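The structure under discussion appears below in the form of structure tokens.
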Amino acid sequence: MTVALILADKGREVFTMRPETSVSDVVDILASKKIGAVVITDASDVVCGIVSERDIVREVSLRGASVLDQPVTQCMTRKVVSCSEEDTIDAVMGIMTRNRFRHLPVTANGRLAGIVSIGDVVKRKIEQAVRDAEELRNYIAG
Ligand code: AMP
211 MTVALILADK GREVFTMRPE TSVSDVVDIL ASKKIGAVVI TDASDVVCGI
261 VSERDIVREV SLRGASVLDQ PVTQCMTRKV VSCSEEDTID AVMGIMTRNR
311 FRHLPVTANG RLAGIVSIGD VVKRKIEQAV RDAEELRNYI AG
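In structure tokens, the structure reads:
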């Protein structure tokens, strides 16, 4: 099972914002779109960061609510780890576990091609486990 399979099912839309966007506007998008992270891209649409709800909670705790008026560059992670459509779901799970994050942008030819979250990955793993159990049951019964 590969990342391409997840994207074929969930779609390729990625919510992106520019580095000069305020943290407050990012919070609005996270809330209204019911997502946990936004990818930050520059004017050439090149990925330059990622910001998740955790980054914002941490910065508000450290520096207070005034951080909401600051540009998102104050909160975002600049070194973004991404994956490709050919990566397996197990490989993606490994990357997320090792790095302790729950979002992985997908790139193809240097461009954003989608995003997968830990929720997407866990959903497929559960579906696969259910299928495997069903096959085993059928095998034993047959
Ligand atoms: P998350 O678990 O995705 O909410 O993110 C936890 C931390 O990892 C936050 O500091 C994020 O900015 C960072 N992060 C999330 N996804 C990535 C990624 N793909 N590459 C690098 N950092 C990330």
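According to the numbering used here, numbering within the sequence shown proceeds without interruption in unit steps and concludes at 352. Ideal Cβ positions, reconstructed from N, Cα and C, are used throughout, including at glycine. These figures come from a predicted structure and were not determined experimentally.
Quick one: Cα of residue i to Cα of residue j, how far?
| i | j | result |
| --- | --- | --- |
| residue 325 | residue 223 | 8 Å |
| residue 318 | residue 294 | 6 Å |
| residue 313 | residue 306 | 7 Å |
| residue 231 | residue 296 | 32 Å |
| residue 254 | residue 283 | 17 Å |
| residue 340 | residue 334 | 10 Å |
| residue 244 | residue 350 | 43 Å |
| residue 234 | residue 301 | 34 Å |
So, with DSSP's three-state summary, where would you put residue i?
| i | result |
| --- | --- |
| residue 341 | helix |
| residue 224 | coil |
| residue 308 | helix |
| residue 324 | strand |
| residue 302 | helix |
| residue 316 | strand |
Going by other Cβ atoms of all chains shown within 10 Å of its Cβ, with 16 needed for buried, is residue i buried or exposed?
| i | result |
| --- | --- |
| residue 352 | exposed |
| residue 267 | exposed |
| residue 259 | buried |
| residue 242 | exposed |
Spatial neighbours of residue i within its chain, please: CB distance less than 8 Å, with the 5 preceding and 5 following residues excluded, ordered by chain position.
| i | result |
| --- | --- |
| residue 212 | 295, 296, 297, 298, 299 |
| residue 252 | 228, 229, 258 |
Return the chain-ordered list of same chain residues with a C-beta closer than 7 Å to the C-beta of residue i, the five sequence neighbours on each side being excluded.
| i | result |
| --- | --- |
| residue 316 | 213, 217, 292, 293, 294, 295, 323, 324, 325, 326 |
*Hey, which unbroken runs of the alpha helix (DSSP H) at 4 residues or more fall wholly within the region 228 to 287?*
233 to 242, 263 to 273
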